[in-house]
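Take 1 as the starting number for the sequence shown in full-length UniProt numbering and just add one per residue. A quick write-up on the structure given underneath.
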Amino acid sequence: MSRAFLAATPPRECVRCARYDRKVNPTPSREPAPGPTPEAVTGLGETVADALATLLRRPARAALHRRLTEGMGEAVDEATYPVLSALARTGARSAADLAAEIGLDRSGVSRRATRLENAGLLRRESDPTDQRATLLTLSEDGEQAVAVMRRRLSDSIEQTLAGWPAEQARIFAHGLTRFIEQGPFNTP
């Protein structure tokens, strides 16, 4: 790139060119950037796996659920949070289906559902496709409780990301979403 071209080009967002120790204007690429080479991602799998292991540990999840459910009433705690959250995500479900969704046995889900039902946060309804079966569904109060907990989670995440550079926070959010959609957690 000639000095005359650089002088004639209107200033745009510039990047530092370390090789020449001067500012140059970036030229937008018309082709998509190539993906990383295998060498560029070597070791990242272990780093991500270690981070995910920390997030997925039962004590970490229980601590998060405790913070989200604090002050929500006796029936809403780290044990019942997964039931409320899953019903909000999936809609009405049988105890057996909900158990598979959250990784508990059916009797564990039923005990938690009874606590939530007694607190007015959940209802048991007949399954319209099988009158012998019962579905668990959130009541209006249950939906409001989930909305409060989701807002708390969102606020907590935003508070953490507020300490990051804005572009890095955006890249993280988009990257995490993409990883979930395309990564090993993607289920058919």
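Glycine included, each C-beta is placed from N, C-alpha and C at the ideal position. Computed from a prediction, not measured in an experiment: that's the story for all the values here.
query: Name, in chain order, the residues that DSSP records as bridge partners for L135.; result: E125
query: Kindly identify the DSSP beta-bridge partner or partners of D77.; result: Answer is none; D77 lacks a bridge partner.
query: From the DSSP output, which residues share a beta bridge with R67?; result: Beta-bridge pairing links R67 to no other residue.
query: Using three-state DSSP, classify D130 as helix, strand or coil.; result: strand
query: Ends of the alpha helix (DSSP H) at L104?; result: Where L104 is concerned, there is no enclosing alpha helix (DSSP H), given that its DSSP letter is neither H nor E.
query: Where M72 and F185 are concerned, what is the direct C-alpha to C-alpha distance, given to the nearest angstrom?; result: 31 angstroms
query: Using only the alpha-carbon positions, how far apart do R112 and L122 sit?; result: 10 angstroms
query: Smallest Cα separation from E74: which of V48, G43, A145, S85?; result: A145
query: So, with DSSP's three-state summary, where would you put R152?; result: helix
query: Counting only the same chain and skipping the five closest in sequence on each side, list residues whose C-beta sits under 8 angstroms from that of L84.; result: V76, L116, L121, L122, L138, G142, A145, V146, M149
query: In chain order, what residues of the same chain lie with their CB nearer than 8 angstroms to the CB of R66, ignoring the 5 residues before and after it?; result: D77, E78
query: Which of the three DSSP states is assigned to R112 in this structure?; result: helix
query: Could you check how far apart the C-beta atoms of V109 and A99 are, in whole angstroms? I think they sit under 8 angstroms.; result: 5 angstroms
query: For T114, count neighbouring C-beta atoms within 10 Å of its own C-beta (all shown protein chains included) and say buried if the count is 16 or more, exposed if not.; result: exposed
query: Using DSSP's beta-bridge definition, name the partner residues of R93.; result: L136
query: Helix, strand or coil: how does DSSP classify T54 here?; result: helix
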